[in-house]
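Note sheet for the following structure.
Protein chains: 2
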Amino acid sequence: MDRLFSINELAEQFDITARAIRFYEDKGLISPDRAGSRRVYTRRDRGRLQLILRGKRLGFSLEEIREYLDLYDQDPAQVSQMQLLLTKISERRLQLVQQQKDIVQTLADLDGIQEQTEALLKAAEGTKP
Amino acid sequence: MDRLFSINELAEQFDITARAIRFYEDKGLISPDRAGSRRVYTRRDRGRLQLILRGKRLGFSLEEIREYLDLYDQDPAQVSQMQLLLTKISERRLQLVQQQKDIVQTLADLDGIQEQTEALLKAAEGTKP
DNA sequence: CAATTAGTTTACGTATACGTTAACTTTATC
DNA sequence: GATAAAGTTAACGTATACGTAAACTAATTG
Chain A
2 MDRLFSINEL AEQFDITARA IRFYEDKGLI SPDRAGSRRV YTRRDRGRLQ
52 LILRGKRLGF SLEEIREYLD LYDQDPAQVS QMQLLLTKIS ERRLQLVQQQ
102 KDIVQTLADL DGIQEQTEAL LKAAEGTKP
Chain B
2 MDRLFSINEL AEQFDITARA IRFYEDKGLI SPDRAGSRRV YTRRDRGRLQ
52 LILRGKRLGF SLEEIREYLD LYDQDPAQVS QMQLLLTKIS ERRLQLVQQQ
102 KDIVQTLADL DGIQEQTEAL LKAAEGTKP
């Protein structure tokens, strides 16, 4: 049940290139085991990759995503680091809430344009037949 | 009441550089009038700039934003273009809805990490005093 | 065992989104 | 009328996120 994946399997699953996955590794976002020289990915690695792609869809840079992944990895054993962690979380939260507002506004805008366009289409239908 | 703006006024208002604004013009996202050689921005131009920045916050490329702005500009007089317009709108809508889901999921993740961290902080408080 | 097939590293190339001088022109101010 | 302040174009530089080609190795398959 606990499958392992090759780099090309993951690439296919997520519709990205193996090159991209290697690049994320170069930048320290993911660290698969090796079997000899071959990269071997666990389900956990796969989950990380999913988080990376979600971060990208949200418009974050790979550097920002790396910081974000660190939030998950932090074993918050050291109290000194925990406050920093909470600070980063609330910063990230502010960005995301702003994005939510932007999306709501943009979807409303699109609604408007769509309605106008559809109305004009209907009017045009009545004209020609 | 219908103010005009210089490039540096706009730059300051939106906390970006004049260079960025000129760059958006180079890429065809905005086309201010000129007074001699100086760029002069109307309130409408200002609105466009706001849309550009919103698009950026949503992670769209300038090229995508240009297409998006075209949705606003389209005088949908030609029926043939209207169907294309509606198609683009629904494509954009799919992206934004996916982003909404991503944000909800990510905020939930952050909630989890934050709760855990705060619980650990409280436990640590009880330990040392 | 020859030949795919899959994977590896290294290195250079490229699109995007500006930053940063440089050299020049207007416009405003003293 | 000199000088500063604001603006202009042109050109080169830079960080990010990969694409692409080369040259190699290891594993599988007929």
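Residue numbers (my numbering), protein chains in the order written: chain A, 2 to 130; chain B, 2 to 130.
Yeah, the Cβ is synthetic: ideal placement off N, Cα and C, and Gly gets one too.
Quick caveat: nothing in here was measured; it's all calculated off a predicted structure.
- Note that the C-beta distance between ASP46 (chain B) and ILE31 (chain B) is below 9 Å.
- Shown here is that no member of the stretch 20-38 of chain A has a Cβ falling below 8 Å from a Cβ of chain B.
- When Cβ-Cβ separations below 9 Å define contact, LEU50 (chain B) makes no contact with chain A.
- One Cα belongs to SER7 (chain A), the other to VAL41 (chain A), and the distance between them is close to 6 Å.
- Between GLN100 (chain A) and LEU70 (chain A), the CB-CB gap reaches or exceeds 9 Å.
- Counted as a single uninterrupted DSSP element, the beta strand (DSSP E) harbouring ASP34 (chain B) occupies residues 34-36.
- Setting aside the 5 residues that flank it on each side, PHE15 (chain B) is surrounded in the same chain by LEU50 and LEU54, each with a C-beta closer than 7 Å to its C-beta; the list follows chain order.
- In this structure, LEU52 (chain B) places its C-beta atom within 9 Å of the C-beta atom of TYR73 (chain B).
- In the three-state scheme derived from DSSP, where H, G and I count as helix and E and B as strand, ARG23 (chain A) is classed as helix.
- For PHE6 (chain A), the three-state secondary structure derived from DSSP is strand.
- Counted as a single uninterrupted DSSP element, the stretch harbouring LYS28 (chain A) is not any alpha helix (DSSP H), since DSSP gives it neither H nor E.
- Taken in chain order, the complete alpha helix (DSSP H) segments of 4 residues or longer contained in the stretch 54-129 of chain B are 63-74 and 80-128.
- Looking from the CA of GLU92 (chain B), the closest CA among A:LEU108, A:GLU92, A:LYS89 and A:ILE90 belongs to A:LEU108.
- With a cutoff of 9 Å on beta-carbon distance, LYS89 (chain B) and GLU64 (chain B) are scored as not near each other.
- Residue burial is scored here from C-beta neighbours: ASP103 (chain A) has at least 16 other C-beta atoms within 10 angstroms and is therefore classed as buried.
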